[in-house]
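Residue -9 is where the sequence shown starts when you use our numbering, and the numbers rise one by one after that. In this text, a Cβ means the ideal position worked out from N, Cα and C, and glycines have one as well. One structure is given below, encoded as structure tokens.
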Amino acid sequence: MGFEDVALQSRILTLMTLSFHIIYATIGVGVPLMIMIAQWVGIRKNDEHYILLARRWARGFVITVAVGVVTGTAIGLQLSLLWPNFMQMAGNVIALPLFMEVFAFFFEAIFLGIYLYTWDRFEDQRKHFLLLVPVALGAAASSVFITIVNSFMNAPQGFDVLNGELVNVSPLLAMFSPAVPTKVAHVLATAFMTSAFVLASIAAYRLMRGSNHIYHKKALFLTMKLGLVFSIATAVIGDFSGKYLAEYQPEKLAAAEWHFETESEAELVLFGVLDGEEPKYAIRIPYALSILAHGVPGAEVTGLNEFPDDEIPPLWIHYLFDTMVMLGMWLAFFSFVYVVGAWRGWPLIKKAWFRWLTVLTGPLAMLAIQAGWWFTEVGRQPWILRGYMKTSEGATTSGQVDLMIVLFAGLYVILGIGTVVVLSRMYKRNPVEKELAQRESEKGGEE
């Protein structure tokens, strides 16, 4: 087996692991804030439905955290096994944020355990609510530190290179690279957005399946409002991300937009088919690429022809970029229609076809997350550490990667099926109506 084949297999296994892990990581970052907001609304309105909403979400969240620990451990293992040359070169730089990510996770896990085991132990719900603050902060901090590692790979700085080694490392300068502000903000906003839409999908599905309980209606309205807020935030941060790419990774932006010649008044190209260097059957928006890149319609945007052929990312990232953007725009538009319709009492939002579209918001948001991360990683190619080490140089030379792909694929299938089975059984055995009745009887007994 050739060296290039092993490098490709390493990339495939890493991509498979990241694609599976990102499902649980996104939920792990976003759901604590949703739980926190639901419980706060319940306390403010003295509404038992929102309190129960937080309680039931928290139970399901624990399952996803447990699986996320396994997949996160797999990523750490694969960093060393599949990319030993990269770790040898950059390990001393990324070790600090990786350690801090683990610390943030344990910080979150400790308070999550206390939160779960102290339900109904506080007469004042506000004291119990305070336990969620470190849970949400820990989840967010965990994503911040791991995104810092990814940012360093895209915009490395804070060191000198001596004989192929990174020396004189300045940890803080390396951690806070130019990529950090937009990447961290985008990761957090999309995690909150996706979690809101996933929870909205569940509520809409329960309504479609005949459970017309007010609990599900409240859950749907709350999560769709949150989805709207964070989808708008995602769009705004995405605009800043475009300007970051234009400044620091212009080849990635040019590849994403099939922009070959450096020119001003550059148009934005959506979808289409590439014929040589000419996009065909594409949707073209005049001046939009110049505005995305520099905020000015007449600004000059660097084209792909300015870069060596062996440093140009794969041009199929264009479809990943377009998928991410179009899904994000659709989710913002759809949630806006829903929220306005709910406020104005439009019968539209209660129709079956509209509810089914609501059910799709969660899967579509997760698909947008996947497209975004694929775009981020594939768009950095051919580099694993941009400007310093190519992906093929960082990979292992082991001939056992193909076996690892099979074994890890089997593990992820088991974990995925197990997650669905456990969550389904847990909620089927404790339907909302049953749990509300139990809580009412408990309160009656106390009185």
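query                                                                                                                                                                                                  : result
Quick one: using the 10 Å Cβ neighbour count with 16 as the cut-off for buried, is Pro87 buried or exposed?                                                                                            : buried
Taking only three categories from DSSP, how would you classify Val157?                                                                                                                                 : strand
Determine the direct distance from the alpha carbon of Ala129 to that of Leu71, and round the result to whole angstroms.                                                                               : 27 angstroms
Figure out for me which residue from Asn295, Glu296, Glu253 has the closest Cα to the Cα of Ser438.                                                                                                    : The first residue shown for the chain is -9 and the last is 437, placing residue 438 beyond what the model contains.
Taking buried to mean at least 16 other C-beta atoms within 10 Å of its own C-beta, is Phe261 buried or exposed?                                                                                       : exposed
Please state whether DSSP places Lys461 in a helix, a strand or coil.                                                                                                                                  : What is shown of the chain runs -9 to 437, which leaves residue 461 out entirely.
For Ile275, would you say it is in contact with chain C, using Cβ-to-Cβ distances shorter than 8 angstroms as the test?                                                                                : Among the protein chains of the structure shown there is no chain C, as only one such chain exists.
What three-state label does DSSP hand Ser201 in the structure shown?                                                                                                                                   : coil
Taking 6 angstroms as the limit between beta carbons, can you name the residues of its chain near Pro276, skipping five residues before and five after?                                                : Glu257
So, does the segment 2 to 16 touch the segment 383 to 399, judging by three or more C-beta pairs under 8 angstroms?                                                                                    : yes
Assess, as a yes-or-no matter, whether the segment 284 to 300 is touched by the segment 189 to 207 under the definition of 3 or more beta carbon pairs within less than 8 angstroms.                   : no
Buried or exposed: Phe95, going by 16 or more other Cβ atoms within 10 Å of its Cβ?                                                                                                                    : buried
Starting from the C-beta of His206, find all residues in its chain whose C-beta is less than 6 angstroms away, skip the five residues before and the five after it, and write them out in chain order. : Ala193, Arg196, Leu197
Let's see if you can read the secondary structure: which residues bound the beta strand (DSSP E) around Ile374?                                                                                        : 373 to 375
How far does the beta strand (DSSP E) with Asp110 in it extend, from its first residue to its last?                                                                                                    : From DSSP, Asp110 is part of no beta strand (DSSP E); its letter is neither H nor E.
Do the CB positions of Val125 and Phe93 come within less than 8 angstroms of each other?                                                                                                               : no
If you drop the 5 nearest sequence neighbours on each side, which residues of the same chain put their C-beta closer than 7 angstroms to that of Trp30?                                                : Phe119
Comparing C-alpha positions only, which one of Gly20, Ser221, Pro240, Asn202 sits nearest to Phe376?                                                                                                   : Note on residue identity: the sequence assigns Arg, not Phe, to residue 376. Checked all of Gly20, Ser221, Pro240, Asn202; the closest Cα to Arg376 is Pro240.
Quick one: using the 10 Å Cβ neighbour count with 16 as the cut-off for buried, is Ser133 buried or exposed?                                                                                           : buried
Does Asn153 pass the burial test, meaning 16 or more other C-beta atoms within 10 Å, or should it be called exposed?                                                                                   : exposed
Can you tell me whether Arg370 is buried or exposed? The criterion is at least 16 other CB atoms within 10 Å of its CB, across all chains shown.                                                       : buried
Entirely within the segment 224 to 300 and at least 4 residues each: give me those alpha helix (DSSP H) ranges in chain order.                                                                         : 240 to 246, 278 to 284
Starting from the Cα of Tyr107, find the closest Cα among Glu247, Ile138, Arg45 and give me that residue.                                                                                              : Arg45
If you follow the beta strand (DSSP E) that Leu438 is in, where does it begin and where does it stop?                                                                                                  : With the chain covering only -9 through 437, there is no way to say anything about residue 438.
With H, G and I counted as helix, E and B as strand and the rest as coil, what does DSSP make of Lys341?                                                                                               : coil
Which whole runs of the alpha helix (DSSP H) in the segment 72 to 125 are 4 residues long or more, in chain order?                                                                                     : 74 to 107, 115 to 120
State yes or no: is the C-beta of Phe311 within less than 8 angstroms of the C-beta of Phe365?                                                                                                         : yes
By alpha-carbon positions, which one of Pro287, Pro421, Leu350, Ala175 ends up nearest to Glu234?                                                                                                      : Correcting the residue identity first, residue 234 is Tyr in this sequence and not Glu. Checked all of Pro287, Pro421, Leu350, Ala175; the closest Cα to Tyr234 is Ala175.
Are the beta-carbon atoms of Leu23 and Phe182 separated by less than 8 angstroms?                                                                                                                      : yes
Between which two residues does the alpha helix (DSSP H) carrying Ser167 extend?                                                                                                                       : Counting along the chain, Ser167 falls outside any alpha helix (DSSP H), and DSSP gives it neither H nor E.
Which one or two residues does DSSP pair with Met379 in a beta bridge?                                                                                                                                 : Leu375
Keeping to the same chain, check which residues put their C-beta closer than 8 angstroms to that of Asn82; ignore five residues upstream and five downstream.                                          : Leu156, Val159
Assuming Ile138 contacts Met165 (C-beta within less than 8 angstroms), just tell me the rounded distance between them.                                                                                 : 5 angstroms
Pop quiz: Ala283 and Met6 are said to be a contact at Cβ under 8 angstroms. What is the actual Cβ separation, rounded to whole angstroms?                                                              : Contact flag wrong, Cβ pair sits at about 33 angstroms.
Tell me whether the segment 206 to 225 and the segment 53 to 68 touch, counting them as touching only if at least three CB pairs, one residue from each stretch, are closer than 8 angstroms.          : no
Would you say the beta carbon of His39 is closer than 7 angstroms to some non-hydrogen atom of the ligand GTP?                                                                                         : Because no ligand of any kind appears in the structure shown, any question about the ligand GTP cannot be addressed here.
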